[in-house]
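Input: a single structure, listed below in structure tokens.
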Amino acid sequence: MFVNSVIISECHSEDGASQVIERRCTVDVEAPRLLKKIAGVEHMYFIQKNSLNRRERTLHIEAYNESFSSRVNVYEHCCYTVHPENEDWTCFEQSASMDIKSFFGFESTAEKIAMKQYATSIKKGKEIIEFHLKQLEEEGITHVPRWAPPPAPTPSHSLPVSSARAIPACSSRAHPGSTDVLPGSPDVILTQTAQDKLDADYISRYLGKLTPFQESCLIRLRQWLQETHKGKIPKDQHVLRFLRSRDFNLEKAKEALCQTLTWRKQHQIDFLLDTWQCPQLLQDYYTGGWHHHNKDGRPLYILRLGQMDTKGLVRVLGEETLLRHVLSINEEGLRHCEENTKIFGKPISCWTCLVDLEGLNMRHLWRPGIKALLRMIELVGANYPETLGRLLILRAPRVFPVLWTLVSPFIDENTRKKFLIYAGNDYQGPGGLVDYINRDFIPDFLGGDALCDVPEGGLVPKSLYRMAEELESEEVKLWNETIYKSASVLKGAPHEVLIEITEVSSVITWDFDVCKDDVIFNIYHSRRAPQPVKRDGLSAHNLACPAGNNVQLIDRSWMLGQDYSMVETALTCREGESVQGSHVTRWSGFYILQWRLYSSPSCTSSSRPRVDDVLASLQVSSHKCRVMYFTEVLRSTDFRGSMSSLESSHSAFSLLSAATSSSNQSQTESSISR
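Position one of the sequence shown corresponds to residue 1 (the numbering used here), numbered consecutively onward.
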């Protein structure tokens with residue numbers, strides 16, 4: 001509880017733009033009487049520093065403890081700033097840290113008290129802000145003019161100089177689309193740019209109706225993506241899909257979107273439509289395809305599932321080929337949505353799917369086929385959320401409830417609400433297809449007049465069936481066709497990649513994503529070839545060895561500065577960051593790229609981990625990081641303008657940044673955004 005405060009120092013700038021006040025605050029902490037008696041105090045003293053900058057429109061509040069500063073260090077920082085996208089909003093950030101060295105043997109109790117006090121402080125601060133806002137509203141104050149510098153004095157030779165203080169001109173806050181002219185500076189005009197906030201026309205044209213809260217979530221998530229995924233920013237429409245699928249929970253949407261970006265990068269989904277060649281067998285027997293649009297302008301996809309020989313397709317092509325084809329359909333759907341948005345002049349972010357079940361029988365309940373279907377539902381749901389606007393299921397036979405019982409648990413509740421199921425010929429009556437699709441676009445096989453190019457399917461010849469082993473090897477090759485590799489980084493067990501350089505001035509390039517936890521990235525050089533560290537000693541202790549994709553090269557007996565040297569400053573990379581960079585080599589020999597788990601400075605004093613550290617780390621599975629990386633060596637003459645590995649592909653999902661393909665040839669080039 002706050003008791004009182006005394007101003008220690010106070011200073012103002014000459015123009016009145018900035019003000020810094022430092023106070024000594026007395027706080028009554030709710031703590032057990034015994035603990036206060038042992039500590040010998042009734043109150044705690046904190047130093048609070050308030051820095052107000054009217055020109056930048058920021059307020060920073062810093063506080064740290066004066067009492068027991070030799071035993072406990074408490075630091076808190078609050079920041080009020082104007083939202084970068086909308087000046088009518090205020091951003092509030094609060095952070096705190098505590099380091100307890102010793103506290104009379106009551107360290108755990110002191111920590112709990114501090115956490116409780118911090119939570120109470122947050123709640124109290126919110127109440128104070130709401131109280132003052134309500135008080136201003138009661139006084140009729142709904143607008144506070146923006147600060148403006150005092151006008152420059154106008155020199156006059158005909159009149160004597162007066163000692164009276166000039167009255168500053170009134171300044172009012174500009175409304176969107178208007179301009180502000182600063183007093184004393186008639187030639188300087190401040191205009192609001194389109195980047196200050198999302199334009200209302202842009203929202204209605206491409207995104208749809210958004211509440212202020214939803215718009216704020218979109219802007220914040222987009223800003224986070226710009227900071228952490230440089231050059232690979234999804235379009236606003238797709239970012240909004242992830243927010244809607246998570247009920248605009250920013251943290252959940254951020255996590256899901258980050259996983260999708262990693263997945264797309266690892267499997268090169270941005271290249272899928274340009275590289276995927278649909279096998280002729282799929283063109284003949286896969287009974288699905290795009291067909292005009294519904295009444296709302298949404299793309300319409302028709303799937304004649306009852307006429308499809310799912311077992312034959314899986315036995316001939318394999319599950320992975322079918323999955324690739326389904327992913328290509330979803331990528332096409334994203335493009336169709338963009339095209340229809342331009343055609344109909346309104347935001348269209350999802351499509352309608354019509355599934356005809358005539359012909360569905362027990363053959364379609366083949367276990368491997370159901371397994372493949374469930375995997376497709378899971379993968380599409382995770383990476384293409386909110387793309388299904390409506391699912392119309394027609395002519396459902398008696399066997400359909402069995403299929404629905406198997407599939408429905410894997411479909412989220414929001415998606416299930418979009419399903420409409422018609423038995424028999426119910427789709428032809430009121431509330432049927434005519435409510436969703438124009439009569440001119442109803443397919444001929446459903447009683448309409450529109451010709452439909454969807455194949456009629458049929459049974460796949462059994463003579464084309466292949467052995468399971470053959471399909472399995474082909475499926476592994478299919479999904480391993482990626483330039484990126486994954487690796488696990490454990491506490492005390494870094495992952496290292498060896499690169500041999502024979503030509504001086506060759507350029508080592510890298511591109512990696514930190515998928516889980518934080519890592520430290522290092523580059524070392526050695527004139528002798530390192531050998532992978534043997535783990536026989538670990539097996540003797542009956543402990544599980546690190547994951548098979550974890551490789552250690554630097555021998556524990558090597559000495560930093562003698563056997564190998566560091567050629568770059570260590571780079572700390574946080575979870576979710578995407579890092580690209582390059583290094584121009586000075587010497588021939590062996591270069592080692594290393595990712596090690598980030599830990600506090602006190603835990604990283606030694607150059608190499610001890611055996612005890614490795615053994616201990618293997619018992620704590622939570623201390624594990626995962627990175628996805630790609631490395632490439634380029635000749636010096638080919639370096640400039642040839643870093644194709646660091647570029648993102650333009651697709652319906654990703655936007656390219658001009659900065660992605662630019663490179664400056666230097667000793668070191670790394671780009672990382674937070």
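Even for Gly, the Cβ is constructed at its ideal location relative to N, Cα and C. Every value quoted in this text rests on a predicted model; they were computed, and no experiment measured them.
DSSP beta-bridge partners of residue i
i	result
K485	Y629
W290	Y301
R596	I520
S204	According to DSSP, S204 bridges with nothing at all.
R24	V6 and I47
L560	Y564
S97	Y75
C573	V519
T90	V82
M308	G458
I61	N50 and C78
Rounded Cβ spacing between residue i and residue j (contact assumed at less than 8 Å)
i	j	result
L225	I233	5 Å
T228	E577	5 Å
T341	N294	Actually they are not in contact, since the Cβ atoms of T341 and N294 sit about 14 Å apart, beyond 8 Å.
F590	E500	6 Å
R586	V504	7 Å
V519	L593	The Cβ separation is near 12 Å, so there is no contact.
M98	N73	7 Å
V355	L303	5 Å
S18	L52	7 Å
Length of the line joining the Cα atoms of residue i and residue j
i	j	result
V627	H583	20 Å
W276	I329	11 Å
T415	S245	9 Å
K491	G581	25 Å
C625	H364	41 Å
R205	P368	44 Å
V407	L374	7 Å
V460	V454	16 Å
V399	Q268	38 Å
L282	Y436	29 Å
M643	G208	Reliability fails at M643, whose pLDDT of 35 lies under 50, so the model's placement of it is uncertain and the value that follows must be treated cautiously. Each residue's Cα considered, the two are about 38 Å apart.
R390	G333	14 Å
Y564	V497	15 Å
A256	L218	14 Å
T58	Y202	29 Å
Q94	V514	25 Å
K516	I8	45 Å
S488	G561	27 Å
L323	R527	47 Å
H292	R395	21 Å
Y75	Y64	5 Å
F68	V6	19 Å
K311	K485	33 Å
T81	F441	53 Å
Three-state class that DSSP yields for residue i in the structure shown
i	result
Q580	strand
Y80	strand
D284	helix
T415	helix
H525	strand
Q552	coil
Y591	strand
A17	coil
V72	strand
W366	coil
L420	strand
T585	coil
K462	helix
I233	strand
L313	helix
I269	helix
Continuous alpha helix (DSSP H) stretch holding residue i: start and end
i	result
H238	D236 to S245
S263	It should be noted that the sequence gives Trp, not Ser, for residue 263. Run containing W263: L250 to Q266, per the alpha helix (DSSP H) assignment.
C337	E319 to F344
C217	P212 to T228
D274	L272 to T275
Residue range of the beta strand (DSSP E) that includes residue i
i	result
S139	The identity of residue 139 in the sequence shown is Glu, whereas the question assumes Ser. It is not in any beta strand (DSSP E) - E139 carries neither H nor E in the DSSP assignment.
V497	H495 to I501
W351	W351 to D356
G389	L388 to L394
L403	Note, L403: premise wrong, no beta strand (DSSP E); alpha helix (DSSP H) at F400 to V407.
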